[in-house]
Amino acid sequence: MKKCTGILTIVLFLSMILSVGRMEVRAEDNKSYEMMKEYYNVANTIVNGDDKGSKGIGIYTSGENNSKNASGLAYANLIDFDGNGNKELFCLYLSNGSYVYEVWGFDGKAYKIQSAKDTTLYPLRENKIVSLSTVDNKTYLHMYEKSWGRGSSIDQITTRDEFYTVKNKQWVEIESLNSKPKLSEGKDSTQLNGKDGSIIYTVEKDNETKEMTKSEYENDLNKYSGGTKIDLISLALGGAGTVDIGVDVSQGNKQLGDFLSNLNGMAMESLGLKDIYSAKTDEDKDTLKEFMNNFVPSYGWHVNSFDTDNFTKGNIDDQIVFYLFRYGSMKKEITGVKTETNSDTGKGCWVIPLDKLNANSEKLFGAKIDVNNKNVHDGNYYLYIGNDDEGEESGKVDNQIANLYQIAENVYCLNLKIFYSYSHKQFYKSGYAIVKEVTVNGNKTFQLLKYSNDGDMLTPEQLQSYKKQYNSETKVTKSASSATNNNVGSKSSGRVAYLIIAGISILVVGYGIYYKTKGNKKK
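Per our numbering, the sequence shown starts with residue 574, numbered consecutively.
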């Protein structure tokens, strides 16, 4: 009995380990996903606005630093200010001659730690620099200000260095270091004596102001140097003033676009997905890009969303046909199209052979347009032409693939970076697509299963649902290679499971040999 109890205990214990190893989304991983999603929503709201009436200000991409109308999110990053392992979201944006910086934390939800606005982007007699300094794994927001005024015989110059960071979920000023002229008795109040000791150095800390020596002042300043420094805003001294934004906009503010995309990527990776896009060949990447450009071409119009699960009788939505025929691959590939004009309205339409239209839609979506569609007559699909200037944006839509994840056999999830540019403004949204790899006439291509550019990330629930749906549809038989591509760590989990089962077998055999030997010795 003891023998059976011992074996049963070991089997149950190892079974518990095995079951825990199969969990696809751990609690801490889900927390990481929620944090990335919350931070993304904050930055996305600044850029694009929200459904509560907040208008987005776009992305700062202007190289004309002196424009008082400059606006847009200029810089954003995740920063662990106090070095405690919890990263905060830092954003800096321009708005009609002012700059605003915000600091956000995460505690189940994103919460605002600090928001400050400076309306003096164009000073007359002061110099300001806003920067981020990181020393010994701690980051500080450094606000430097230098002001000057004309005295009766010499300029009066004062400086102020303020250092801020996050402590206990609060935005706090660590200290402020100041220098100002020492006024000579009996002289004009703006006159300096020009000798050693003519400058007074003080430190403001913990609601107290103390005078300090020049050496102490310099040593204190040096505490915040020696690490990395990022200048965000630089306001030049004198004249009408000039402003320099310390952000490289030569590639359309690439840092910000990459940051927003990386938030999405980090969220997906926390759910156990592995980005395999970089491992794809250039040919595979080009094939995928060309396919996706059917739905987000470089024009004003673009497909907003798409889901094959919503088809009725396999119908392709009429609006999808409009987009794709007018701007996408259908226009290039479908021949035999005629035009007709309605004598009553004077408006024209394309008369598209239904069989050719369906051949194209089946290639793109794996579905056809139903013959009972209201726009189908006499074997043709009638599509209203419209005017080129009717309802169109004069801008450009740029679609880029940021990440690629395999979620089932030949089924992939794509994270997309989508930029909208018009009137010298740029806006950004993330999007995602679910595509299936297929072979048509011996050539590798894809079919679109789902598409969305509403800015939302895939949720863990959606991801699990899609994986279950498409694995079930394709009846995937897991092998070592498919396990490597489909789930991060599933290959190692399979090995662990194999080793555990082998270990159980060895233990069972070992116990049997041990007790059999023990029994023989007793005899």
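The beta-carbon is built from N, C-alpha and C at its ideal position, and this holds for glycine as well. Since the structure is predicted, the reported quantities are computational estimates derived from the model, not experimental observations.
Query                                                                                                                                                                             : Result
Beta carbon of V924, beta carbon of V910: below 9 Å?                                                                                                                              : yes
Please confirm if the stretch 701–720 is in contact with the stretch 647–657, defined as three or more CB-CB distances below 8 Å between the two stretches.                       : yes
What do you get for S771, buried or exposed, if any count of 16 or more other CB atoms within 10 angstroms of its CB means buried?                                                : exposed
Short of 7 Å in beta carbon distance, which residues of its chain neighbour S592, apart from the five on each side in sequence? Order them along the chain.                       : Interpretation of S592 is limited by its pLDDT of 29, a score under 50 that renders its predicted location unreliable; no figure is taken from the coordinates.
Among N657, F1019, E675, G845, whose alpha-carbon lies nearest the alpha-carbon of Y648?                                                                                          : E675
In the structure shown, what three-state DSSP assignment does L937 receive?                                                                                                       : helix
Over what stretch of residues does the alpha helix (DSSP H) that includes K1023 continue unbroken?                                                                                : Not the alpha helix (DSSP H): K1023 falls in the beta strand (DSSP E), residues 1016–1025.
Quick one: give me the first and last residue of the alpha helix (DSSP H) that T860 is part of.                                                                                   : 855–865
With M841 and N988 assumed to form a contact (beta carbons below 8 Å), what rounded beta-carbon distance in angstroms separates them?                                             : 7 Å
Can you give the Cα-Cα distance for L1021 and D623, rounded to whole angstroms?                                                                                                   : 28 Å
Which of the three DSSP states, helix, strand or coil, is assigned to Y1039?                                                                                                      : helix
Can you name, in chain order, every residue of its own chain whose Cβ lies under 6 Å from the Cβ of K802, other than the five neighbours on each side?                            : S704, S706
Apart from the five residues on each side of it in sequence, which residues of its chain come closer than 8 Å, Cβ to Cβ, to S644?                                                 : I630, G631, Y633, Y666, L667, S668, N669
For N751 and K787, what's the separation of their Cα atoms in angstroms?                                                                                                          : 11 Å
Distance, Cα to Cα, E746 vs T738?                                                                                                                                                 : 7 Å
Taking only the alpha-carbon atoms, compute the straight-line gap between V620 and Y672 and give it to the nearest angstrom.                                                      : 15 Å
Could you check what DSSP says for V944 in three-state terms: helix, strand or coil?                                                                                              : coil
Roughly how far, in whole angstroms, is the beta-carbon of K1023 from the beta-carbon of D880, given that I think they are within contact range, below 8 Å?                       : 5 Å
Among residues of its own chain, excluding the 5 on either side of L794, which ones have a beta-carbon nearer than 8 Å to its beta-carbon?                                        : D734, L750
For my contact list, I702 and D804 are in at a C-beta cut-off of 8 Å; report their separation, rounded to the angstrom.                                                           : 6 Å
Do W721 and I730 come within 9 Å of each other at the CB atom, strictly closer than that value?                                                                                   : yes
Do L1036 and Y850 have their CB atoms nearer than 9 Å?                                                                                                                            : no
Between the Cα of G681 and the Cα atoms of K1017, Y717, E607, which residue gives the shortest distance?                                                                          : E607
Buried or exposed, going by whether 16 or more other CB atoms sit within 10 Å of the CB of A932?                                                                                  : exposed
Would you identify the three-state DSSP class for V822, choosing helix, strand or coil?                                                                                           : coil
Can you say whether A852 is buried or exposed, counting buried as having 16 or more other CB atoms within 10 angstroms of its CB?                                                 : exposed
Please classify N953: is it buried, with 16 or more other beta-carbons within 10 angstroms of its beta-carbon, or exposed?                                                        : buried
Quick one: what's got a C-beta closer than 8 Å to K827's C-beta in the same chain, skipping five residues either side?                                                            : D821
How many whole angstroms separate the CB atoms of K1098 and T860, which I take to be in contact at a CB cut-off of 8 Å?                                                           : Because the chain is modelled from 574 through 1096, residue 1098 falls outside the range shown and cannot be assessed.
Determine the burial state of V944: buried for a count of at least 16 other Cβ atoms within 10 Å of its Cβ, exposed for fewer.                                                    : exposed
I need the straight-line Cα distance from I1167 to E1046, nearest angstrom please.                                                                                                : Absent from the model: residue 1167. The displayed extent of the chain is 574 to 1096, so no value can be given.
Could you name each continuous beta strand (DSSP E) segment of 3 residues or more that falls completely within the stretch 626–665, going from the start of the chain to the end? : 644–652
Given a cut-off of 9 Å on the beta-carbon distance, is the pair K719 and N700 in contact?                                                                                         : yes
Within 10 angstroms of the Cβ of G799, are there 16 or more other Cβ atoms? Answer buried if so, exposed if not.                                                                  : exposed
Report all residues from its chain with a CB closer than 6 Å to the CB of T1012; omit the five preceding and five following residues, and keep chain order.                       : none
Let me check one thing: in DSSP terms, what residues is M716 bridge-paired to?                                                                                                    : V703, E735
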